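Engineer: Just so you know, we're using our numbering here: the sequence shown kicks off at 1 and counts up by one.
For glycine and all other residues, C-beta sits at the position ideal for the given N, C-alpha and C.
Since the model is a prediction, treat every value here as computed from it, not as a measurement.
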Amino acid sequence: YLQMRFNSRAAKLTGTVIMIIQQILYMGIASYAPSTALEAVTGFPTWATIITVGCVSTFYTFLGGMKAVVWTDVFQAVVMIAGILAIVIQGAMKVGGMNTVWRINEDWHRIEFWDANFNPTTRHSIWSLVVGGSIGWMATYGCNQASVQRYCAVPTLRKAKYAVLLNIGGVILLVLSTCLAGIVMFAYYAQQGCDPLTSKKVANANQLIPYFVMEVLGYPGLPGLFVSCLFSGALSTMSSCLNALAAVTWEDILKPAIGHKVSERVKTWISKGLVLVYGAAGVGFAFIAQNFGGTVLQASLSFTGAASGPLLGIFLLGGFFPWANWQGCVVGGILGLAFPLWISVGAYGLPSSGYKLDFPTANCSSANVTMVTTTAMMTTTTKTLTELSGVQLLYTVSYLWYPSIGMATVIVVGLFVSLVTGWQKEEVDPKYLIPFFDRLVCCLPEKWRTLCRCGYQFKDPEVLVHEEQDKEIVITKEDLDEHKNGNGSIHEKTPVSYGKSAVTPLGYKPSMTPHFVYTNSSFNSEELLSMKPPPY
1 YLQMRFNSRA
11 AKLTGTVIMI
21 IQQILYMGIA
31 SYAPSTALEA
41 VTGFPTWATI
51 ITVGCVSTFY
61 TFLGGMKAVV
71 WTDVFQAVVM
81 IAGILAIVIQ
91 GAMKVGGMNT
101 VWRINEDWHR
111 IEFWDANFNP
121 TTRHSIWSLV
131 VGGSIGWMAT
141 YGCNQASVQR
151 YCAVPTLRKA
161 KYAVLLNIGG
171 VILLVLSTCL
181 AGIVMFAYYA
191 QQGCDPLTSK
201 KVANANQLIP
211 YFVMEVLGYP
221 GLPGLFVSCL
231 FSGALSTMSS
241 CLNALAAVTW
251 EDILKPAIGH
261 KVSERVKTWI
271 SKGLVLVYGA
281 AGVGFAFIAQ
291 NFGGTVLQAS
301 LSFTGAASGP
311 LLGIFLLGGF
321 FPWANWQGCV
331 VGGILGLAFP
341 LWISVGAYGL
351 PSSGYKLDFP
361 TANCSSANVT
371 MVTTTAMMTT
381 TTKTLTELSG
391 VQLLYTVSYL
401 WYPSIGMATV
411 IVVGLFVSLV
421 TGWQKEEVDP
431 KYLIPFFDRL
441 VCCLPEKWRT
451 LCRCGYQFKD
461 PEVLVHEEQD
471 KEIVITKEDL
481 DEHKNGNGSI
491 HEKTPVSYGK
501 SAVTPLGYKP
511 SMTPHFVYTN
521 SSFNSEELLS
531 MKPPPY
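(1) Whose C-beta lies closer than 6 angstroms to the C-beta of valine 417 among residues of the same chain, with five residues either side of it excluded?
(2) Cysteine 152 to alanine 181, Cα distance in whole Å?
(3) Keeping to the same chain, check which residues put their C-beta closer than 7 angstroms to that of proline 340; ignore five residues upstream and five downstream.
(4) Just the C-alpha distance for methionine 27 and lysine 447, rounded to the nearest angstrom, thanks.
(5) Could you check what DSSP says for lysine 500 in three-state terms: helix, strand or coil?
(6) At which residues does the alpha helix (DSSP H) containing glycine 142 begin and terminate?
(7) Would you tell me roughly how many angstroms separate the C-alpha atoms of glycine 422 and tryptophan 342, rounded to the nearest one?
(8) Got a sec? Which residues, its chain only, sit under 7 angstroms from valine 164 by beta carbon, not counting five neighbours each side?
(9) Our contact map puts serine 57 next to leucine 235 with C-beta atoms below 8 angstroms; I'd like the distance itself, whole angstroms only.
(10) Tell me which same chain residues have a C-beta within less than 7 angstroms of the C-beta of isoleucine 126, skipping the five on either side of it?
(11) Would DSSP call tryptophan 323 helix, strand or coil?
(12) With a threshold of 16 other CB atoms inside 10 Å of the CB of glutamine 290, please say whether the residue is buried or exposed.
(13) Could you please give the first and the last residue of the uninterrupted alpha helix (DSSP H) stretch that includes cysteine 241?
(14) Taking DSSP as the reference, what is the three-state secondary structure of glutamate 426?
(15) Among Asp429, Gln392, Phe303 and Ile334, whose alpha-carbon lies nearest the alpha-carbon of alanine 30?
(16) Does the region 44-63 come close enough to the region 212-229 that 3 or more CB-CB pairs lie under 8 angstroms?
(17) If we ignore side chains and look at the alpha-carbon of each, how far apart do isoleucine 111 and asparagine 105 end up?
(18) Assess contact between the region 179-196 and the region 89-100, defined as three or more Cβ pairs (one per stretch) separated by less than 8 angstroms. Is contact present?
(19) Could you check the C-alpha separation between glutamine 129 and leucine 400 for me, to the nearest Å?
(20) Starting from glycine 349, follow the alpha helix (DSSP H) in both directions and report where the run begins and ends.
(21) Using the C-alpha atoms, what's the distance from serine 300 back to threonine 121?
(22) For a test of the three-state rule: what should DSSP assign to asparagine 167, helix, strand or coil?
(23) For aspartate 73, does the three-state DSSP call read helix, strand or coil?
(24) Give every residue of the same chain whose Cβ lies closer than 7 angstroms to the Cβ of methionine 98, excluding the five residues on either side of it in the sequence, and list them in chain order.
(25) When we look at the beta-carbon of glutamate 39 and count the other beta-carbons within 10 Å, is it buried (16 or more) or exposed?
(26) For the alpha helix (DSSP H) holding glycine 414, just list the boundary residues, first then last.
(27) Measure the CB-CB distance between cysteine 143 and leucine 335 and report whether it falls below 8 angstroms.
(28) Are the Cβ atoms of glutamine 424 and alanine 324 separated by less than 8 angstroms?
(29) In whole angstroms, what is the alpha-carbon distance linking methionine 214 and isoleucine 411?
(30) Where do the ends of the alpha helix (DSSP H) carrying valine 213 lie?
(31) From what residue to what residue does the alpha helix (DSSP H) around isoleucine 270 run?
(32) Is it the case that the Cβ atoms of alanine 146 and alanine 244 are separated by a distance below 8 angstroms?
(33) Can you list, in chain order, the residues of its chain whose CB lies under 7 angstroms from that of valine 101, leaving out five sequence neighbours each side?
(34) Rounded to whole angstroms, how far is the Cβ of glycine 54 from the Cβ of glycine 279, which I believe are closer than 8 angstroms?
(35) Provide the residue span of the alpha helix (DSSP H) that contains glutamate 106, from first to last.
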């Protein structure tokens, strides 16, 4: 899309590089998360677990490709949800029911739904969670290769939309269950009068839930279910990212250079080799992630959000602003990636910090309470202990705003650079543009909507899809003979002749086998070849 919209290979490569960086960061943190948790419950060293997760996910992605990734994701999703629900149910029973769990959390100010503070440095507020979180999710499901390749795997656009809607229900269930697990754990240790972090039974906050599982879910098989839950999440993430990285690197970088020179067998082995390379890169970044402070969730949202926001910004720049050119896309993408990454790295090195919420310490030793309270004052970011000034103020911005900062930087810088370099000189095909104002202010007269879009004529993508699908296609005997002889090809973006008129397929993708799919007709070529030609 980026190459066709901006008429520039540089624009496409900018998006590709940003996506590769984002996926490697994500894989590293996803590998580190279960490793530190497993160390808390089994004593198995973190470094060994990181290598194990990386090797296993790389191995089955190397062998099975996309099909193996999807089916293992299905199984792993079931295991994850089952493990978290087991924690919630058994933990609530230990505390005395969900009513008791909720009351204890309210008493200790853990339940705050309506913090409407507009201050961007507030770690969690309605605005950072809803606005900042929405932009982060939009980047994940709108322009992430790991998500988009799943949409492309289903046969129709309607089924792709159904898949997204089903995913919404799964995400809501997963997020709610993990939040419930957190408040159940807090209620349990509030009743105990001391938590494992304060009593130094665990090394960091990422090991609290695993320790809680070993203490509460003491039934045979349940701790193992939780460990499986942890590894399912890590393996699912790693395999999806590896498959996406290999596909994008081959299609966008290697194929234009050597694709016409090598055989299909060599292409397959190159893709498998890319899986190995990126698997090693993910493991390497996981070792770097050990040095990050705070929770794994915050690290994940900080670094991956800082990289995913700019990628979303590039697509929005191309879709919403017809006058944006490729120079604006490239410069905006580079600065949009650098700015939030700089903020996220600076936030981890911030010397000043704040207070955590109060926690029960009645049954903890006084030495542990003093040590942990001092550490909490030195390592959290709720309130500022010392005066910050200048650039340091940027480092206190909530990590949930990083995707928004990256997206906004790309759009602002991209439009400015486009203005300086002379806007988009070639006319943009309407099918590469999004009629944003037509949908936002659809009730206004046409002349006002035309003014809002600066005189450009848009065509709704949904209309384009239906028009393309409704075209009458005539398959001639010559077309069938041509494909039967192996001379025809729809690998290139050229019109395919169907009878008297030439129709350019709306979407296509090369296949590793000699069977092709005609987008417009929804027929498989193998089925077409088996049909008798019409009488003449």
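Structural biologist: So, from the data block:
(1) Gln327, Gly328 and Val331
(2) 35 angstroms
(3) Ala306, Gly309, Tyr402, Ile405 and Gly406
(4) 49 angstroms
(5) Unreliable placement is indicated for lysine 500, whose pLDDT of 41 sits below 50; no coordinate value is reported for it.
(6) 133-142
(7) 30 angstroms
(8) Tyr141
(9) 5 angstroms
(10) Trp114, Asp115 and Ala116
(11) coil
(12) exposed
(13) 222-248
(14) coil
(15) Phe303
(16) no
(17) 6 angstroms
(18) yes
(19) Inspection of the sequence shows that residue 129 is occupied by leucine rather than by glutamine. Each residue's alpha carbon lies about 7 angstroms from the other.
(20) That residue, glycine 349, is in no alpha helix (DSSP H); it is neither H nor E in DSSP.
(21) 18 angstroms
(22) helix
(23) helix
(24) Ala92
(25) buried
(26) 402-421
(27) no
(28) yes
(29) 48 angstroms
(30) 208-216
(31) 264-289
(32) yes
(33) Ala92, Val95, Ile183, Val184 and Ala187
(34) 6 angstroms
(35) 98-107
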